[in-house]
Amino acid sequence: MIADFEDGGELSKRLPNYQPRASQVEMARIVTSHIEESKSACIEAPTGTGKSLSYLIPAVRAGKKTVISTAKIALQEQIYNKDIPFVQEHIQDFTAVLLKGMGNFLCLDRLETYRQETFDSETLENLVEKLGDHGDFEKLPFRSDLQMKINGNLEECTSKDCQFYDNCHYYNTKREAENADVIVINHTMLALNIALGGRILPKFDVLIIDEAHELEERTREFLSIKVTRGRYISLINNKKVQKAVDAKDLIAVNTQATELFDSILNHLGDYERQKVLIRELNGDKLIEALGKVRSQLQAEQENEEHYSNNASLEIDEKEASKKAAADYKKLVERTFNLQLATMKVCSACNQEEIRLISKLDDSKLEIACCPIDMSKLIKEKLFDKHETIICTSATLCAYPGNFDFFVKRVGMEPNLTKTLPHVFDYRENALLYVPKDIKQPEWNNQRDQARYEQEVADRMQQLVEYSGGRAFLLFTSNKMMNVVHDRLRVPYPLLKQGSLTKSEMIRQFREKPSVLLGVASFWEGVDIQGDALSLVAIDKIPFTVPSDPIYQGIINLIKRKGGNEWNDYNIPYVTIKLKQGVGRLIRSNSDRGVIAILDQRLHTKGYGKQILASLPPATRTTNIADVDRFFHPENRWNEDTW
Ligand code: SF4
Numbered sequence: 003m004i005a006d007f008e009d010g011g012e013l014s015k016r017l018p019n020y021q022p023r024a025s026q027v028e029m030a031r032i033v034t035s036h037i038e039e040s041k042s043a044c045i046e047a048p049t050g051t052g053k054s055l056s057y058l059i060p061a062v063r064a065g066k067k068t069v070i071s072t073a074k075i076a077l078q079e080q081i082y083n084k085d086i087p088f089v090q091e092h093i094q095d096f097t098a099v100l101l102k103g104m105g106n107f108l109c110l111d112r113l114e115t116y117r118q119e120t121f122d123s124e125t126l127e128n129l130v131e132k133l134g135d136h137g138d139f140e141k142l143p144f145r146s147d148l149q150m151k152i153n154g155n156l157e158e159c160t161s162k163d164c165q166f167y168d169n170c171h172y173y174n175t176k177r178e179a180e181n182a183d184v185i186v187i188n189h190t191m192l193a194l195n196i197a198l199g200g201r202i203l204p205k206f207d208v209l210i211i212d213e214a215h216e217l218e219e220r221t222r223e224f225l226s227i228k229v230t231r232g233r234y235i236s237l238i239n240n241k242k243v244q245k246a247v248d249a250k251d252l253i254a255v256n257t258q259a260t261e262l263f264d265s266i267l268n269h270l271g272d273y274e275r276q277k278v279l280i281r282e283l284n285g286d287k288l289i290e291a292l293g294k295v296r297s298q299l300q301a302e303q304e305n306e307e308h309y310s311n312n313a314s315l316e317i318d319e320k321e322a323s324k325k326a327a328a329d330y331k332k333l334v335e336r337t338f339n340l341q342l343a344t345m346k347v348c349s350a351c352n353q354e355e356i357r358l359i360s361k362l363d364d365s366k367l368e369i370a371c372c373p374i375d376m377s378k379l380i381k382e383k384l385f386d387k388h389e390t391i392i393c394t395s396a397t398l399c400a401y402p403g404n405f406d407f408f409v410k411r412v413g414m415e416p417n418l419t420k421t422l423p424h425v426f427d428y429r430e431n432a433l434l435y436v437p438k439d440i441k442q443p444e445w446n447n448q449r450d451q452a453r454y455e456q457e458v459a460d461r462m463q464q465l466v467e468y469s470g471g472r473a474f475l476l477f478t479s480n481k482m483m484n485v486v487h488d489r490l491r492v493p494y495p496l497l498k499q500g501s502l503t504k505s506e507m508i509r510q511f512r513e514k515p516s517v518l519l520g521v522a523s524f525w526e527g528v529d530i531q532g533d534a535l536s537l538v539a540i541d542k543i544p545f546t547v548p549s550d551p552i553y554q555g556i557i558n559l560i561k562r563k564g565g566n567e568w569n570d571y572n573i574p575y576v577t578i579k580l581k582q583g584v585g586r587l588i589r590s591n592s593d594r595g596v597i598a599i600l601d602q603r604l605h606t607k608g609y610g611k612q613i614l615a616s617l618p619p620a621t622r623t624t625n626i627a628d629v630d631r632f633f634h635p636e637n638r639w640n641e642d643t644w
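Below, the structure written as structure tokens:
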């Protein structure tokens, strides 16, 4: 199998310009031996390793049923649409399935119900026609508002009791996955599988978790218990619920849910913050009201079951009654789950959980109870249950060669940890510029803050002038992004996050020299090779906002356990984040460019030096003139290293 990666091997025969890379061969060797010996490994594989082939080929060659999980859709698409067809055609034939969540698929049962409710059947039938045989909303070239009305919904799906089960789009893909050699999923599906005790994925031999640095956050998101007002409203608006339950009891659920959500409004204060930590809430009356709904639904379920056993019924009547019984059974379960969720988000949390209110993108509110320490959960439900797990990413180590932060946060005890060498020549092709003269603003000093903002904007302006646009300006806050956006005076299009979709911003960025200004989502998973991206400028070290409730919960737990918030969390966390941001720049052998981090603390603080030691080994400078010389080599190179 290693022969595939070597000179004269299958890859060199099939891939134009292929050259064996030590990192890729080493990774393939580790994956092969760990699959053979049923062991686990953590591999930090720098950008350019070609890690997806390094695990895909060994898994396929070993003939083991493999699940590959990614955090980002871009990587998932690359693996499913590019790497898998390549290996199938040139290395070895095998079957593969991309397994997506139920919500991505048309639900034939909900469609039937909606057909009877809608006044616009033409639009509905057009959409159904476009969804064709696959029923996958993601394959449509447009977004449809109808998706939420007719897509699969775990809360409502009656699974084997559903009359459409045999033809269900979602279950068809699941059935394909049962027989596939390779299943590609995302971390959300992986977390769902953990939450549902393994009910989502079929039995598998090997699990590859790519972009594993996101595992903790993605799993927390899914293992949190959440309620929105919409969940209660959707239940009481259900036609079957309305038929079986006394109207006054449904009104009571509505009233109590409204009271609960009104009562949390004052916690949000100025309503500016996205997430707020809260104390206990009173949900007793709502839980009681849901209890009344549940018992009436249960009575209806029993009635239908009893009726369907009546021997004198016609076959059609019998089937209809059986279906109604299954629907009511699911509604009983759904109401019970909602009761439990209400109880959980309203009552006292244990020491390893927090309760918070979040303002969602559509301004609706959500109350959630989130686990803080994910390590126990992930260990018990994932790592202890499967022997052969490979976790990989370009950023798993907070310090060179040190995986402690990652493995502790996710509860992994790998048999091997390995950092592979850099593939690109950073020293030759990249310049890391960290100025010493932009002082961080004094806390709570507005004049100093204004001075700081101006200096950052001026320096970014200068950098963009030197690079001729072709720049990613990455920020730790929307505020700073807006400030710089408003002050930049450059002859290049400015693409600010939020003004267009992410994919459209990237498309325009690739088209002509531009300046892209982004926060959070542009720090990771964006792959722009070549001259289009030649400068990545970051405003400051991306520390988490101290008021973030999840961050507070994590820090409090670390302190309670006798740990140190800086060494055990803040520094490793920002190092990995910064490595991700910096990693946007050099994406291929021929890429050249400048990374600028406008944060003086990298020089003045002890942790700054630690962080710098973990960044790629680019030539380093504190002198802006070197940036000019880098982009315009006709000006003599005069490296000012520190
Ligand atoms: S099995 Fe579930 S998702 Fe599929 S059609 Fe039936 S209710 Fe919808």
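Heads up: take any position in the sequence shown, counting from 1, add 2, and you land on my numbering. Heads up, the beta-carbon is just placed ideally off N, CA and C, and yes, glycines get one too. All of these numbers come straight from a predicted model, not from anything done at the bench.
- alpha helix (DSSP H) runs wholly inside the stretch 306-394, at least 4 long, in chain order: 317-348 and 376-380
- Task: Using only alpha-carbon positions, find the residue among H92, G50 and G500 that is nearest to D6.
- Result: H92
- Item | A193, DSSP secondary structure in three states | helix
- Message: Restricting to Cα atoms, I'd like to know which of A598, A43 and V295 is closest to K420.
- Response: A43
- Task: Buried or exposed for L192, please, with buried defined as at least 16 other CB atoms from any protein chain shown within 10 angstroms of its CB.
- Result: buried
- Message: In the DSSP output, what is A598 paired with across the bridge?
- Response: Y435 and A539
- So what does DSSP say about V492, is it helix, strand or coil? coil
- Message: Let's test the definition: count the other Cβ atoms within 10 Å of the Cβ of A47 and tell me whether it reaches 16, buried, or not, exposed.
- Response: buried
- Coarse secondary structure for T503, derived from DSSP in three states: coil
- Task: Mind reading off the beta-carbon distance from L518 to L537? Whole number of angstroms is fine, and I expect it under 8 Å.
- Result: In fact, because the Cβ distance is near 10 Å, the residues do not count as touching under 8 Å.
- Message: Just list the residues that DSSP pairs D138 with in beta bridges.
- Response: F107
- Task: Let me know if G532 comes out buried or exposed under the rule of 16 or more other beta-carbons within 10 Å of its beta-carbon.
- Result: exposed
- Query: Using the beta-carbon count (16 or more within 10 Å), is G10 buried or exposed?
  - Reply: exposed
- Could you please give the first and the last residue of the uninterrupted alpha helix (DSSP H) stretch that includes I266? A249 to L267
- Message: So for Y273, helix, strand or coil by DSSP?
- Response: With a pLDDT of 46 at Y273, under the threshold of 50, the predicted position of this residue should be treated as unreliable, though the coordinate-derived value follows. Residue state, collapsed to three classes: coil.
- Message: Residues in the same chain with beta-carbon distance under 6 Å from L418, minus the five sequence neighbours each way, listed in chain order, please.
- Response: A43
- Query: Taking the beta strand (DSSP E) that R233 falls in, what are its first and last residues?
  - Reply: Looking at the DSSP string, R233 is not in any beta strand (DSSP E); the run it does join, the alpha helix (DSSP H), is R231 to N239.
- Task: Out of V243, R357, L342 and N446, point me to the one whose CA is closest to K277's CA.
- Result: R357
- Task: Label W445 either buried or exposed according to how many other C-beta atoms from any shown protein chain fall within 10 Å of its C-beta, with 16 as the threshold for buried.
- Result: exposed
- Message: Could you tell me the alpha carbon to alpha carbon distance between E1 and V130, rounded to whole angstroms?
- Response: The structure shown does not extend to residue 1, since the chain is modelled only from 3 through 644, so no value can be given for it.
- What are the complete alpha helix (DSSP H) segments, minimum 4 residues, inside the stretch 26-84? 53-64 and 75-79
- Task: Just confirm the distance between the C-beta atoms of L490 and A459, as a whole number of angstroms; I'd bet it's less than 8 Å.
- Result: 7 Å
- Task: Return helix, strand or coil for V547, following the three-state DSSP convention.
- Result: coil
- Item | Integer Cβ distance of V409 from E218, believed to fall under 8 Å | At roughly 11 Å, the Cβ-Cβ gap does not stay under 8 Å, so V409 and E218 are not in contact.
- Query: Is DSSP giving T623 helix, strand or coil here?
  - Reply: strand
- Starting from A396 and walking both ways along the alpha helix (DSSP H), at which residues does that stretch end? Counting along the chain, A396 falls outside any alpha helix (DSSP H), and DSSP gives it neither H nor E.
- Using the Cα positions of S592 and L148, report the straight-line distance between them to the nearest angstrom. 46 Å
- Take T120 as the anchor and find which of I152, S469, E28 and D95 has the nearest alpha-carbon. I152
- What is the DSSP secondary structure of I185, reduced to helix, strand or coil? strand
- Hey, T72 and N240: beta-carbon distance below 7 Å or not? no
- Message: Considering only heavy atoms of ligand 1, does any lie closer than 6 Å to the CB of F166?
- Response: yes
- Between Y553 and E216, what straight-line distance do the alpha-carbon atoms span, to the nearest angstrom? 15 Å
- Message: Once the 5 residues before and after S265 are set aside, which same chain residues still bring their CB inside 8 Å of it?
- Response: L283 and N284
- Can the beta-carbon of I37 be found less than 7 Å from the beta-carbon of S54? no
- Query: Would H98 be called buried (16 or more neighbouring beta carbons within 10 Å of its own) or exposed?
  - Reply: Residue identity check: residue 98 is Ala in the sequence provided, not His. Counting Cβ neighbours within 10 Å, A98 comes out buried, since at least 16 surround it.
- Could you pull out every residue in the same chain whose Cβ sits closer than 7 Å to the Cβ of I645, ignoring the five residues on either side in sequence? A question about residue 645 goes unanswered here, because the residues of the chain that appear run from 3 up to 644.
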